[in-house]
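Engineer: One structure is given below, represented as structure tokens, and several questions about it will come after.
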Amino acid sequence: MARESEEPGMAKTSKVKRQRKKKPKENKTRTVHANLLYDNAKGEENPNRNYANNKIKTTKYTVLSFLPKNLFEQFHRFANVYFVFIALLNFVPVVNAFQPELALAPVVFILSVTAIKDLWEDYRRHRSDQEINHMDCLVYNRAERRYVERYWKEVRVGDFIRLRCNEILPADVLLLSSSDPDRLCHIETATLDGETNLKQRQVVRSFFDLDCDFDPLKYNGIIECEKPNNDLNRFRGYIIHRSGQRDALYKENLLLRGCTIRNTEEAVGIVIYAGHETKAMLNNNGPRYKRSKLERQMNVDVFWCVIILLVMCLFAAVGHGLWMFQYGDKRPVFDVLSPEGTDLSPIMSAIYLFLTMIIVFQVLIPISLFVSIEIVKICQVYFIHQDMDLYDEETDSHLQCRALNITEDLGQMQYIFSDKTGTLTENKMVFRRCTVAGVEYSHDANARRLAMYQEMDSEEEDCTSHGGTLPRRDSVTSHQSARVVLRSQSTKSHRRTGSRAEAKRASILSKHTAFSSPMEKDITPDPQLLDKVNECSSQMDFMRFHNQPMSQLPSDLADIIDFFIALTICNTVVVSSPNQPRQKVRMRFELKSPVKTIEDFIKRFTPSRLTSGSNSSSSSSLITNRSSNRGCSSLLSSPSAESTLTKLDEEQPPRGLEHSFGPVPPCYNGKAWNLEDGELRYEAESPDEAALVYAARAYKCSLVGRLPDQVTVELPHLGKLSFELLHTLGFDSTRKRMSVVVRHPLTDQITVYTKGADSAIMDLIKPPDTGSSKGKRQKKIVSRTQNYLNLYAADGLRTLCIAKKILSKEQYACWLQHHLQAETAIQGREELLFDSALRLETNLQLLGATGIEDRLQDGVPETIASLRKAGLQIWVLTGDKQETAVNIAYACKLLDPEEEILTLNADSQEACALLLEESLHYIQAKFLCSSTDQAAKAFHSNFAPFEIYPSSSPSSSSHTTPFTVLRLGLVIDGRTLAYALDKSLEDKFLAVARSCRSVLCCRSTPLQKSMVVKLVRNKLKVMTLAIGDGANDVSMIQVADVGVGISGQEGMQAVMASDFALPRFRYLQKLLLVHGHWCYSRLANMILYFFYKNAMFVALIFWYQFYCGFSGSAMIDQWYLIFFNLMFSAFPQLITGTLDKDVSAETLQQLPQLYVNGQNSEEYKPYMFWMNMIDAFYQSLVCFFIPYFAYADSDVDLFTWGTPITTLALLTILVHLGIETKTWTWMNWLSIAFSTALFFTVALCYNASCPTCYTPSNPYWTMQRLLQDPLFYLLCVITPVAALLPRYFYRACQGTLFPSPVQVGRQLDKLPTETRRNILSLSRVKAGSALSPKPPFLSLSKPSPKGCNKKDQRSFPSSETSQGPALQTDEQGQRSPLGPADSNKGPLDLYTIVPTEKDTLPYTKDTPKLPGEPRPPSTKDSECLGKTLEASDVSLSGWITSTPLLSQTGSVQLNLPPAQCVKYTRNSDQRLKSDHSVHPAQRTEQGAEQSLHTTL
Amino acid sequence: MMASSYNAKDEDGHITVSGPGGGTLRSKKPENTAFKQQRLPAWQPILTAGTVLPAFFIIGLLFIPIGIGLFVTSNNIKEFEVDYTGVDMSSPCFNCSQNFSWNSTRPCTCTIPFYLDQPYESNVYVYYGLSNFYQNHRRYVKSRDDSQLNGDVNSLMSPSKECEPYAFHENKPIAPCGAIANSMFNDTLELFYNDPNGTRIPIPLNTTGIAWWTDKHVKFGNPGGNPNLTAAFQGTTKPVNWRRPVYELDADPGNNGFINEDFIVWMRTAALPTFRKLYRIINKKSSMVPTLPRGNYTLEVVYNYPVRSFEGRKRVILSTISWMGGKNPFLGIAYITVGSVCFFLGVVLLIVHHKCGNRNNSADISN
């Protein structure tokens, strides 16, 4: 039925489209009528015809528009235009160099590859569009008077659609009816924002009282609403009924496309926005395009290439002019006239030649470079995706690269800006302790429990799948069957059983309900507090029973119960029960919608109503069935309620009306509830809320139901109480608090419960009236609570304050009036609501405070330590309060207890300026002093060799400044930050901040976060990375060079905005240190190689110009010339660019210092481009002149001479790549073999294919003849060798004389695992010297003044040698590797090692003692030292074997300053034995050293 | 985008059921393969003095003997060269060289005597050499029509535009068209052996076998199947600078027209401005008598080809050849030089290795 109507539907929509073009609607609002009214009069009269239909088309092209549009887009890239220009230049006869058609080939190839890629992507989009467009939904059909199935694409604005449970919404729909008794519809918005908790949506108010059988035919409203926009959280409008009544529409009424209906049997709505006008679609924006630093650098060099090209062309042009000029008027026979037979003047020919040369030399600008880079990046992204180490088993997620073109930026980061909550911490909020009414309840048992989890976590167990089934959420339609399954693996105690597999499953399960891991749920109550709660509630029960006013309750007990009630209801948590997945707990006591009108208020709060209310208050705790609601509601509000009295009979057995009004004892049905109690699920938007609700539940004070207008709480003894929820003033980051306004069922007072950040709440506490005792008590409570808050913060807990306020009816009425005005305002509603909330939240009464623990994620301190060692500056920007943040910072080793902390808290701009000034002075003073007593410090024991900050080492600070990073931490709060970020102060702030080792910004707003990032990025010109998990980090993530999102607990907004999404913070280490390093070094090397390759190839032709009268002639066949880049030399570099690993992943992670390589752009420095160019010119000279002389004055013809040159160039280029390749896998071999084979095959085929084609070269049988010529082979051998000799030699010398840190890392890679581990553990001792990017022999002679923090062991003053024993270990030394944890041992480390060594390894007793005379370190001295060491080493190698290169012995020497020489010697034979015998090599070594010292 | 988000949701719901002992959780966990984890077995050469030492020595040791061998081979090749441009007043061809018109009808002949001080044992190749003649000029190289040369009748009558401005002359198509053909070398060289007893014995010069076999038999061909070349070239005209039409290049029909080997050789444009082209071959008669015995010879040149206008030189070269071609000591010297340099660098590296290899702060690993 639906299918048949497709055709006319399509026709209609196309018509609509046409009309829309004719008459674009300019209104500011959109008016939606029901389509049913206009069904017969097809398009013309339908007022909705101008709106987009629901057919989506995300494709960019159509069949017709593809070619022009795609080409147009491709020509936005300048390079493409350039290449096309050159190709077209070829069509000009005077300048043409190649066959014009052939010259087009590469550019056409590149363009078509891109076009095909685009086409394929577009086709995929088309396919998915098609799929989506053809999904089914139920649309009301007037003719058939029922809902019929239609495709999504046929849905139009104004259609009524019926939605069933678990259906995906096809369009933005205004909810008109729901099967839910509360007129709610639950949706899951995971596809929009990734949040998995259910959201409630309400039926439009005027349809509220209709029963489920909403009849579209009776609908007669007209909807006026906003134009389509992309704001998911905003929807305004009103519906005008025929009666003229207007009803406001809110975002709560709108169901968004792409969401899924949950927990609601059926819902009916009218389509408001369809297709591309839906909010979901308007929010779709394509992937971001960023340009990486490397690419920016590369573009500079591309520019240089252009200049080189122009210079070469100019040179050739001038040369040609002169060459012509020398012949004067007598034209030689070989200088052919132009086709017209005219004679060109030398100047004209020179000009033409200039253009010709541009064509000939075009290869210098690598046409395939851009394509190759894209390909390599895609491969790199693929590999990052595939990395097992970046896969999180618990959440079954792995790293996502959302930006495909900035992988190499990961290797060049200098600053990391991190969010704290959820990024460094788990964002698993666990209720830890609380204080109520000034009394602290420490929850020791809870603390022990948490400690236990910590242990659990640390023991990693293998995840093997156990039995048990997991139901698919979607598939659970039958509650019964699901229930069994879920029970069988209740998530309750899997952690304790210790099985990780179960834990995983549970965590997957708990993904359905965010923030409900057992750790968060199972809270052990404090016995003392539990007693009090019990006592209190029993008293209340008693009082209620005896109808005593609640105010008689002792105030401390009242506070306790209020505290827990506040914890329970002051939130937006939705309750669902797991045995009916996503089925909301259906309980209703009384129907009262939130107060929305004044009349409503008056009606409800008239005295008579209140008295009757007090009567009914006792019955309010009853469980009544749904029919009672209806009774109530029909009493209260709309007359139309009558009609709603149906539907529920299907769901629940009907009960008599009389039943519902009768008082039912509180224990009624209680058993069933208790049974299910443990299984209630709380769906919270933020983890804090969930934590507090779970905490309250631990005290038997549990939230059992939440509806828009009421909250039901179960209290011990009291049973279920239902609070009439009058207002919810949601949380926002400015107010930093939320409030609920409820009517207390027991006292019948209007109570405001407020929960918020302590800073926000404490200011709003009513100043206690010191006169009364109550006031005194209040004051005491406040001051005590403040103390405890400080204590909590010092413990690193997140603190929240709970307060309440009782409103008199008059006050409430007064406030309500303003509030309602605000709510109904169309303009500036948000601001008005905000003001309204501010008015309400004043003069609060403090109840207590909670401390919530947010555990650090696994591996955070280690990750931070290693990132810092990698030279990254880590700033933490958090919204948390200062104390909490500082403590977390200590916990994650961001701050060091040993370092001084500068805390900047200022109240005004001036104060801030002053503070900054002072800090700056302080830092300078410190710097001065540190450099002067550096020597002294080094003498004393306090050198902390483990602490190496590469960013402070002079060699690496090239990118930053003369500023030295001191052992200082900077803590700044949000307010001060606001002042500091002011234009006038930002430079000073930066100056201070950059000198500090760690910076912590607390209480910062999202905007400030992004401002800080922007400031650092722009002013310091550094690469920044921002990492965060929540919506508040989005702006920061977007501003940074690389944004990383943590796909954690707080939804997907950060992930959506990020370039890379990580499951955990600790993965950042591997992502940056390993993948970043690899990507950077691979790409950098590939780009350099590209430049080299093209320059080398082009230069061959350039040299030839000297021998062809600068006529633009090329000895290389134009086919080779054009396809050289695209085919013959393309593959190996791609393979190397994708797979090459300079250092293994393990070493990179163990030696984070290697990351400095990328930060300083060591692989691709500007001079390297020129070095490569020079090398390219040299190599091309060799490749040109060896064949030149070999064939000089012979009968060789042009192309028989050019072909060997091509071959030689290819071989040289491939071998060059071989030298630069660090890792040879079979793929490298294969690709090089393939390239060579491809060249010869193509050449042979090409030279055999056609005897008369391919003018002008006409290379028939050339290659075949060459292959018979021994000279050809002789050339092939000598030329690459001669060409690459300098590079090979240089590389070898560099590897020996001044190896880069990366090379040292590679050498470590080659060692056997155990040896390497030992060396690495030792290298931490001396990594600063061995791995400093400076040539080590220079550092040996470097005198000492360095930053204080830089403990320089290279230049030990000799006086310590008297006590400094040489640390001599063999590789079997059973020392436990010194982990980073040891890094704080400080001064003693080296010295503590030695005794243990002596204990375990007796043979080290003969450690040489060094002569004690002072020896000021000097260049001369160290040279002398070096010489003697050489001598000793010669003797050593002499011992090993006379020719070291052939020996089986590996010897590793890590030279420390003379006093501490660590030498590893590995002898394959003696490795095992050497445990118990003195190693001969060692002896030799020692002997050598002794001799050395005697010579000294 | 929409689609992908739906997919994401779909995956979200994929908590695949696994029975007891049954399958595993289907997850997004990446496969643990060497390739995907970038752990492919690999050879990781590290370039240090120690590791590259062998390479240098091996190259040195290999190259020096090869170089010596090549050098010796090259030296064994005998070569004799006469410049007959006639720049010098004393030169016999001075007079002829003064006349630098292409179309002078009066042939100018000059005779150059020379003395070979050693006998040429094997086949002797006679080359003519030109210097400063840019046969590799871009427009010159292009100025030909390969189809025409292959015997294509259409191209014969309508030469390609590449031949411009040497495609038509007086509205007749030029055969062969183009600048290359137009400037064909047209000196005639004859060689006489001056017998000790005074007689001039002409030395037979082989006109065939000087071009590539493929050129003569595949690339070049006379138009049509017509054995009568005059008829075949009916309607075409000779290149402007030629004295005879193409079908009168040689009397031998197998060496006439486009497949005339002198023509073919000329059409193979030289790579460098100084070049030689094979002119004739003097075949060895018997193993007993040297092809060219020691003694006096006379070279008789019919001097047609003007080169003085562009400072060109003309030479005649007599040479034997070896397996590596003509006499060229360069490659031998190059091999010896590169070999020696390698060896020297090897020694330097050895020193570096011993002095610094273990001294520096890095770990140095042999093997």
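If you read the sequences in order, they're chains A and B. 1 is the number of the first residue of the first sequence in the UniProt record's numbering; add one for each residue after it. 1 is the number of the first residue of the second sequence in the UniProt record's numbering; add one for each residue after it. All C-beta atoms in this analysis are idealised placements derived from N, C-alpha and C, irrespective of residue type, glycine included. Since the structure is predicted, the reported quantities are computational estimates derived from the model, not experimental observations.
What residues of chain C sit near residue 1224(A), judged by a beta carbon separation below 8 Å?
Structural biologist: Any reference to chain C falls outside this structure, whose protein chains are A and B.
Engineer: Output yes if chain A places a C-beta closer than 9 Å to the C-beta of residue 135(B); else output no.
Structural biologist: If you number the second sequence from 1, residue 135(B) lands on position 135. So yes, residue 135(B) belongs to the interface.
Engineer: Using the DSSP secondary-structure output, state which residues sit across from residue 432(A) in a beta bridge.
Structural biologist: Within the first sequence, the letter at position 432 stands for residue 432(A). In the DSSP output, where bridge partners are listed per residue, residue 432(A) has none listed.
Engineer: What residue range is occupied by the uninterrupted alpha helix (DSSP H) comprising residue 108(B)?
Structural biologist: For the purposes of this step, residue 108(B) is taken as residue 108 along the second sequence, with counting starting at 1. Careful: residue 108(B) lies outside any alpha helix (DSSP H), inside the beta strand (DSSP E) at 108-116.
Engineer: Here's the rule: buried if 16 or more other CB atoms are within 10 angstroms of the residue's CB, otherwise exposed. What is residue 1302(A)?
Structural biologist: Your numbering for residue 1302(A) matches position 1302 in the first sequence. Buried, because 16 or more other Cβ atoms sit within 10 Å of the Cβ of residue 1302(A).
Engineer: Suppose you measure from the CA of residue 138(A) to the CA of residue 164(A); what does that come to, to the nearest Å?
Structural biologist: Here residue 138(A) refers to the residue found at position 138 of the first sequence. Here residue 164(A) refers to the residue found at position 164 of the first sequence. So the two alpha carbons sit approximately 9 Å from each other.
Engineer: Using the Cβ count rule (16 or more neighbours within 10 Å means buried), how would you classify residue 139(B)?
Structural biologist: Start at 1 with the first residue of the second sequence, and residue 139(B) comes out as number 139. So residue 139(B) counts as buried.
Engineer: Assuming contact is defined by CB atoms lying nearer than 9 Å, are residue 752(A) and residue 810(A) in contact in what I supplied?
Structural biologist: As a first step, residue 752(A) must be located in the first sequence, where it is residue number 752. As a first step, residue 810(A) must be located in the first sequence, where it is residue number 810. Cβ distance not < 9 Å, so residue 752(A) and residue 810(A) don't count as in contact.
Engineer: In its own chain, which residues sit with a C-beta less than 8 Å from the C-beta of residue 497(A), not counting the 5 before and 5 after it?
Structural biologist: By one-based count along the first sequence, residue 497(A) stands at place 497. Bear in mind that a pLDDT of 34 at residue 497(A), under 50, signals an unreliable position, so the number given afterwards is only what the model happens to contain. Excluding sequence neighbours, residue 497(A) sits near nothing in its chain.
Engineer: Does any CB atom of chain A fall closer than 9 Å to the CB of residue 37(B)?
Structural biologist: The residue you call residue 37(B) lines up with position 37 of the second sequence. With 9 Å as the cut-off, residue 37(B) counts as an interface residue toward chain A.
Engineer: With a cut-off of 9 Å, does the C-beta of residue 25(B) fall near any C-beta of chain A?
Structural biologist: Within the second sequence, residue 25(B) is the residue found at index 25, counting from 1. Caution is warranted here: a pLDDT of 44 is assigned to residue 25(B), below 50, making its placement in the model unreliable, and the coordinate value is therefore given only provisionally. Taking Cβ atoms only, chain A reaches closer than 9 Å to residue 25(B), which makes this a yes.
Engineer: Roughly how many angstroms lie between the CA atoms of residue 109(B) and residue 306(B), to the nearest whole one?
Structural biologist: Residue mapping note: residue 109(B) aligns to position 109 of the second sequence, counting from 1. Residue mapping note: residue 306(B) aligns to position 306 of the second sequence, counting from 1. Approximately 13 Å, taken between the alpha carbons.
Engineer: Given a threshold of 16 other Cβ atoms within 10 Å of its Cβ, counted over all protein chains shown, does residue 91(A) qualify as buried or as exposed?
Structural biologist: Residue 91(A) sits at position 91 when you count from the first residue of the first sequence. Classification for residue 91(A): exposed.
Engineer: For residue 846(A) and residue 695(A), I'd like the C-alpha separation in whole angstroms.
Structural biologist: For the purposes of this step, residue 846(A) is taken as the residue at position 846 of the first sequence. For the purposes of this step, residue 695(A) is taken as the residue at position 695 of the first sequence. If you take the alpha carbons of residue 846(A) and residue 695(A), they lie about 19 Å apart.
Engineer: Using only alpha-carbon positions, find the residue among 556(A), 1026(A) and 1087(A) that is nearest to residue 1062(A).
Structural biologist: One-based indexing of the first sequence puts residue 1062(A) at position 1062. Residue 1026(A) is the option with its Cα nearest to residue 1062(A).
Engineer: Using a Cβ-Cβ distance under 9 Å, would residue 324(B) count as near chain A?
Structural biologist: Along the second sequence, read from residue 1 onward, the residue named residue 324(B) stands at position 324. By this cut-off, residue 324(B) is an interface position.
Engineer: Report yes or no: do three or more beta-carbon pairs, one from the stretch 825-835 of chain A and one from the stretch 739-748 of chain A, lie closer than 8 Å?
Structural biologist: Verdict: no, contact absent.
Engineer: Does the beta carbon of residue 1258(A) come closer than 9 Å to any beta carbon on chain B?
Structural biologist: Residue numbering aside, residue 1258(A) sits at position 1258 when the first sequence is read from its first letter. Chain B, which has a Cβ nearer than 9 Å to the Cβ of residue 1258(A), makes this yes.
Engineer: Whose Cβ in chain A lies nearer than 9 Å to the Cβ of residue 341(B)?
Structural biologist: Reading the second sequence from its first residue, position 341 is the one you call residue 341(B). What residue 341(B) touches in chain A: 1282 and 1285.
Engineer: With a cut-off of 8 Å on the beta carbons, I'd call residue 210(B) and residue 265(B) a contact; round off their distance for me.
Structural biologist: Residue 210(B) sits at position 210 when you count from the first residue of the second sequence. Residue 265(B) sits at position 265 when you count from the first residue of the second sequence. With 8 Å as the limit, residue 210(B) and residue 265(B) qualify as a contact, their Cβ atoms being about 6 Å apart.
Engineer: Classify residue 1011(A) as helix, strand or coil using the three-state DSSP reduction.
Structural biologist: By 1-based counting over the first sequence, the position of residue 1011(A) is 1011. If DSSP states are grouped into helix, strand and coil, residue 1011(A) belongs with the helices.
Engineer: Give a yes or no on whether 9 Å exceeds the smallest Cβ distance from residue 356(B) to chain A.
Structural biologist: In the second sequence, the residue the question calls residue 356(B) occupies position 356. Closer than 9 Å to some Cβ of chain A, the Cβ of residue 356(B) qualifies, so yes.
Engineer: I want to verify the contact list: residues of chain A whose CB lies under 9 Å from the CB of residue 175(B), in sequence order.
Structural biologist: Residue 175(B) sits at position 175 when you count from the first residue of the second sequence. Residues of chain A passing the Cβ test: none, with the nearest at roughly 15 Å.
Engineer: Mapping DSSP to helix, strand and coil, what is residue 245(B)?
Structural biologist: Counting from 1 along the second sequence, the entry for residue 245(B) is found at position 245. Residue state, collapsed to three classes: coil.
Engineer: Alpha carbons only, please: which of 1175(A), 1012(A), 248(A) and 174(A) is nearest the one belonging to residue 825(A)?
Structural biologist: Counting from 1 along the first sequence, the entry for residue 825(A) is found at position 825. The option with the nearest alpha carbon to residue 825(A) is 248(A).
Engineer: Between which two residues does the beta strand (DSSP E) containing residue 799(A) stretch?
Structural biologist: To locate residue 799(A), count along the first sequence from 1; it is residue 799. Residue 799(A) -> beta strand (DSSP E) spans 798-807.
Engineer: Report the option in 1005(A), 971(A), 49(A) and 420(A) whose CA atom is closest to the CA atom of residue 989(A).
Structural biologist: By one-based count along the first sequence, residue 989(A) stands at place 989. Residue 989(A) has its Cα closest to that of 971(A), out of 1005(A), 971(A), 49(A) and 420(A).
Engineer: DSSP three-state call for residue 82(B): helix, strand or coil?
Structural biologist: As a working note, residue 82(B) is residue 82 in the second sequence. Three-state DSSP puts residue 82(B) in a strand.
Engineer: Using a Cβ-Cβ cut-off of less than 8 Å, give me the residues of the stretch 210-231 of chain B that come near chain A, in sequence order.
Structural biologist: Listed in sequence order: 212, 214, 215, 218 and 219.
Engineer: Alpha carbon to alpha carbon, how far is residue 712(A) from residue 611(A)? Give it in angstroms, no decimals.
Structural biologist: Here residue 611(A) corresponds to residue number 611 of the first sequence, with the count starting at 1. Here residue 712(A) corresponds to residue number 712 of the first sequence, with the count starting at 1. Residue placement at residue 611(A) is poorly supported in this model, since its pLDDT is 34, which falls under 50; the coordinates still yield a value, given next. Spanning the two alpha carbons is a distance of roughly 22 Å.
Engineer: Residues of chain A with CB closer than 8 Å to the CB of residue 183(B), please, in chain order.
Structural biologist: In the second sequence, counting from the first residue as 1, residue 183(B) sits at position 183. Those within 8 Å of residue 183(B) in chain A are 333 and 334.
Engineer: Which same chain residues, not among the five before or five after residue 1067(A), have their C-beta less than 6 Å away from its C-beta?
Structural biologist: The count along the first sequence starts at 1 and reaches residue 1067(A) at position 1067. Same-chain partners within the cutoff: 390.
Engineer: In angstroms with no decimal places, state the Cα-to-Cα distance between residue 69(B) and residue 327(B).
Structural biologist: Along the second sequence, read from residue 1 onward, the residue named residue 69(B) stands at position 69. Along the second sequence, read from residue 1 onward, the residue named residue 327(B) stands at position 327. Each residue's Cα considered, the two are about 13 Å apart.
Engineer: Are any of the Cβ atoms in chain A nearer than 9 Å to that of residue 64(B)?
Structural biologist: Indexing the second sequence from 1 puts residue 64(B) at position 64. Chain A contact via Cβ: absent.
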